[in-house]
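Here is the structure we will look at.
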Amino acid sequence: MKIKFSINGKEVELEVSPKKRLLDILREDLELIGTKEGCGKGECGACTVLMNGKRVNSCLIPALQLPGSHIVTIEGLQNWDSFNSIEKAYIEHGAVQCGFCMSGFVMSSAALLAESLPPISLEKIKWELAGNLCRCTGYEKIVEAVHDLSQRRELIQQIRNDWQNAFGVR
Amino acid sequence: MEVIYRPKTLNELDKIIRENKTDLTYLAGATDLMVQEERWKAASNLLDLSSIKEIYQTLEITESHVLIGSALPLSQIISNLTIQKKLPVLVEACRQIGSIQIQNRATLGGNIANASPAGDSLPVLSVLDAEIWIGPRNNGEFEKLKIDQVMLNPGETSLKDNRYIAFISIPFPREENQFWYFRKVGQRKALAISKVSLAVLGWIKNGTIEEIRISTGSVSPQVKRATETEAILNKHILNENLVEKARQSIIEEVAPITDIRSTDEYRRRICGELLREALYLRMAQ
Numbered sequence: 046m047k048i049k050f051s052i053n054g055k056e057v058e059l060e061v062s063p064k065k066r067l068l069d070i071l072r073e074d075l076e077l078i079g080t081k082e083g084c085g086k087g088e089c090g091a092c093t094v095l096m097n098g099k100r101v102n103s104c105l106i107p108a109l110q111l112p113g114s115h116i117v118t119i120e121g122l123q124n125w126d127s128f129n130s131i132e133k134a135y136i137e138h139g140a141v142q143c144g145f146c147m148s149g150f151v152m153s154s155a156a157l158l159a160e161s162l163p164p165i166s167l168e169k170i171k172w173e174l175a176g177n178l179c180r181c182t183g184y185e186k187i188v189e190a191v192h193d194l195s196q197r198r199e200l201i202q203q204i205r206n207d208w209q210n211a212f213g214v215r
Numbered sequence: 011m012e013v014i015y016r017p018k019t020l021n022e023l024d025k026i027i028r029e030n031k032t033d034l035t036y037l038a039g040a041t042d043l044m045v046q047e048e049r050w051k052a053a054s055n056l057l058d059l060s061s062i063k064e065i066y067q068t069l070e071i072t073e074s075h076v077l078i079g080s081a082l083p084l085s086q087i088i089s090n091l092t093i094q095k096k097l098p099v100l101v102e103a104c105r106q107i108g109s110i111q112i113q114n115r116a117t118l119g120g121n122i123a124n125a126s127p128a129g130d131s132l133p134v135l136s137v138l139d140a141e142i143w144i145g146p147r148n149n150g151e152f153e154k155l156k157i158d159q160v161m162l163n164p165g166e167t168s169l170k171d172n173r174y175i176a177f178i179s180i181p182f183p184r185e186e187n188q189f190w191y192f193r194k195v196g197q198r199k200a201l202a203i204s205k206v207s208l209a210v211l212g213w214i215k216n217g218t219i220e221e222i223r224i225s226t227g228s229v230s231p232q233v234k235r236a237t238e239t240e241a242i243l244n245k246h247i248l249n250e251n252l253v254e255k256a257r258q259s260i261i262e263e264v265a266p267i268t269d270i271r272s273t274d275e276y277r278r279r280i281c282g283e284l285l286r287e288a289l290y291l292r293m294a295q
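In order, the protein sequences belong to chains A and B.
Following the numbering used here, the numbering of the first sequence begins with 46 at its first residue and continues without gaps.
Following the numbering used here, the numbering of the second sequence begins with 11 at its first residue and continues without gaps.
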């Protein structure tokens, strides 16, 4: 089927099978390989992307539901003003080891920071990131990095602005 | 070749069903469907319920009820302030389904239609006495069924002949003297499929239980209220003796399955412990 949707702010039109997973469309048709496949069953969060202002597992989105949607992947997030701060916090806290889960974690972190009202507790961060698995870090450093980010008011505002630019008013 | 339907309205949907004799596979969040590889591969007539605004967006609140579109993502239920206040037990159950990524896609309609005994919203819909509105409409009317009339057995529902879930209507329970409890026991806290869950909704006045509704999840093949145990508790003074009687009763009453996630014996014992916790928490207030 022919589908038309927006990816990282650009309109695309593709001819794909209606059951093709968004994850495969990203990696194969659009060559956006920053989004990773972990379990392929919606449990590990490695394939997390933003769809119409919500974080979702791209392995569980069939092409037939894509028409008219707005998708942002890690490649799109890299162009956000707030991205460098998020990246820096992850590096400074030693929250990245092998890196495979990272694009998913960063997408979820951006969503969590844009959606939640500060102060954001460690407990809340753990709950919100429970849909992303990491087999290297033991999570502590990831949670610390996000907690650090959550305490920076200007940055939170910047993430919200970036979010609005990508998806319109929430 | 697959045939894809994305109707915009319930009228269009009903028309497709009337004119179509082939088996349709409905999807909304697709979070359960796409992981069942064989079913997903075999599905050739797909109908996307999330394209229908009436059931994808509806969250209609009146004085006495809420009407929830069957394809409304769970996160919309969780974040609604009125639902948080009026139906905290529903919000708690939805919060424990999958991850945020899943909650942004998964729906109540899907949880019911998938008919897994481990569907975490099912015991809660049972104690809340929810009404499931089933289409296509007959003379403009949905058929209205209770959860135990829709889910018959694991994976089996009464939704034959392309019937679909349109809405879930939930009456707001009386707030005065109310207490509630929902707990799910799984392998780990987040994202685990339940071994046992227990939902309780009750009313207690001056130490006496006026009414109590108890339902278990992941235990028996059907969604059933524990009516015998409820009868032991109803109209009685809540104390340690009564709690012990109720605990023993529910261990006897439930008819658990043994499967890959747990055994009959474990499920019985945990049901008893969860009920004890629910009642002790109320006593401690």
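Each residue gets a CB set at the ideal place from its N, CA and C atoms; glycine is no exception.
Computed from a predicted model, the values in this text were never measured in an experiment.
Hey, residue i and residue j: beta-carbon distance below 8 Å or not?
i, j, result
"M96 of chain A", "I119 of chain A", "no"
"I224 of chain B", "T239 of chain B", "yes"
"N163 of chain B", "Q232 of chain B", "yes"
"I204 of chain A", "S127 of chain A", "yes"
"G213 of chain A", "G90 of chain A", "no"
"C104 of chain A", "C146 of chain A", "no"
"F50 of chain A", "I136 of chain A", "no"
"I144 of chain B", "I175 of chain B", "yes"
"A159 of chain A", "W208 of chain A", "yes"
"S80 of chain B", "T117 of chain B", "yes"
"C281 of chain B", "T237 of chain B", "no"
"S60 of chain B", "K18 of chain B", "no"
On the DSSP letters alone, give me the boundaries of the alpha helix (DSSP H) that residue i sits inside.
i, result
"N210 of chain A", "198 to 212"
"H192 of chain A", "185 to 195"
"E48 of chain B", "47 to 52"
"V134 of chain B", "132 to 137"
"M147 of chain A", "147 to 160"
"N53 of chain A", "Per DSSP, N53 of chain A belongs to no alpha helix (DSSP H) and is neither H nor E."
"D24 of chain B", "20 to 29"
"I112 of chain B", "110 to 113"
"A176 of chain B", "First-last for A176 of chain B: 174 to 181, but that is the beta strand (DSSP E), not the alpha helix (DSSP H)."
I'd like the span of the beta strand (DSSP E) that includes residue i, first residue to last.
i, result
"T8 of chain B", "Not covered by the structure: residue 8 of chain B. The range shown for chain B is 11 to 295."
"W213 of chain B", "204 to 215"
"T35 of chain B", "35 to 37"
"V195 of chain B", "188 to 196"
Quick check: what's the CA-CA separation for residue i versus residue j?
i, j, result
"I78 of chain B", "I112 of chain B", "18 Å"
"N297 of chain B", "K133 of chain A", "The question about residue 297 of chain B has no answer, for chain B in this structure spans 11 to 295."
"R215 of chain A", "S161 of chain A", "In this predicted model, R215 of chain A has a pLDDT of only 47, less than 50, meaning its place in the structure is not dependable enough to derive any value."
"V188 of chain A", "K171 of chain A", "7 Å"
"N121 of chain B", "L23 of chain B", "21 Å"
"S230 of chain B", "V264 of chain B", "7 Å"
"L174 of chain A", "H192 of chain A", "12 Å"
"K96 of chain B", "N187 of chain B", "13 Å"
"E48 of chain B", "S131 of chain B", "25 Å"
"S136 of chain B", "R235 of chain B", "7 Å"
"P266 of chain B", "Q46 of chain B", "24 Å"
"I14 of chain B", "L109 of chain A", "8 Å"
"A40 of chain B", "L59 of chain A", "21 Å"
"L91 of chain B", "I203 of chain B", "27 Å"
"A294 of chain B", "I247 of chain B", "14 Å"
"G212 of chain B", "K47 of chain A", "53 Å"
"E221 of chain B", "Y66 of chain B", "34 Å"
"I131 of chain A", "P133 of chain B", "41 Å"
"A190 of chain A", "Q196 of chain A", "10 Å"
Which whole-angstrom value is the C-beta distance of residue i and residue j, which I expect to be below 8 Å?
i, j, result
"I214 of chain B", "I178 of chain B", "Actually they are not in contact, since the Cβ atoms of I214 of chain B and I178 of chain B sit about 27 Å apart, beyond 8 Å."
"D42 of chain B", "N172 of chain B", "That pair is no contact at about 18 Å."
"L68 of chain A", "L77 of chain A", "Not really, about 10 Å apart at Cβ, beyond 8 Å."
"A288 of chain B", "V210 of chain B", "5 Å"
"R28 of chain B", "P146 of chain B", "7 Å"
"L37 of chain B", "L56 of chain B", "6 Å"
"G54 of chain A", "A211 of chain A", "7 Å"
"C92 of chain A", "G149 of chain A", "6 Å"
"N114 of chain B", "R100 of chain A", "6 Å"
"A128 of chain B", "S228 of chain B", "4 Å"
"F189 of chain B", "R292 of chain B", "5 Å"
"S74 of chain B", "E12 of chain B", "About 43 Å separates the two Cβ atoms, so there is no contact after all."
"L138 of chain B", "P183 of chain B", "7 Å"
Taking Cβ positions only, does residue i come closer than 8 Å to chain D?
i, result
"D171 of chain B", "Looking for chain D here will not work: the only protein chains present are A and B."
Practice item. Give the residues from the stretch 122 to 134 of chain B that approach chain A closer than 8 Å (Cβ to any Cβ), ordered along the chain. Key: Those would be none; no residue qualifies.
Exercise for review: Closer than 8 Å, Cβ to Cβ, to anything on chain A: give me those residues from the stretch 96 to 124 of chain B, in chain order.
Suggested key: Contact residues of the stretch 96 to 124 of chain B toward chain A are G108, S109, I110, Q111, I112, N114, R115 (C-beta to C-beta distance below 8 Å).
Point to revise | Members of the stretch 59 to 78 of chain A near chain B, C-beta cut-off 8 Å | key: Those residues of the stretch 59 to 78 of chain A that come within reach of chain B (Cβ to Cβ, closer than 8 Å) are S62, P63, K64, R66.
Check your understanding: Along the stretch 100 to 112 of chain A, what residues have a CB closer than 9 Å to any CB found in chain B?
Key -> For the stretch 100 to 112 of chain A, which is checked against every Cβ of chain B, the residues closer than 9 Å are R100, V101, N102, C104, L105, I106, P107, L109, Q110, P112.
Practice item. With 7 Å as the limit, tell me which residues of the stretch 18 to 41 of chain B have their beta carbon closer than that to any beta carbon of chain A; keep them in chain order. Key: Cβ contacts with chain A: A40, T41.
Review point. Given a limit of 7 Å on CB to CB distance, which residues of the stretch 213 to 235 of chain B reach chain A?
Key: For the stretch 213 to 235 of chain B, which is checked against every Cβ of chain A, not one residue is closer than 7 Å.
Check your understanding: Taking Cβ-Cβ distances below 7 Å as the criterion, which residues of the stretch 176 to 201 of chain A are in contact with chain B?
Key -> Under the 7 Å Cβ criterion, the stretch 176 to 201 of chain A contributes G176.
Exercise for review: Could you name the residues of the stretch 111 to 125 of chain A whose beta carbon sits closer than 9 Å to any beta carbon of chain B, in the order they occur along the chain?
Suggested key: Here the close residues are P112.
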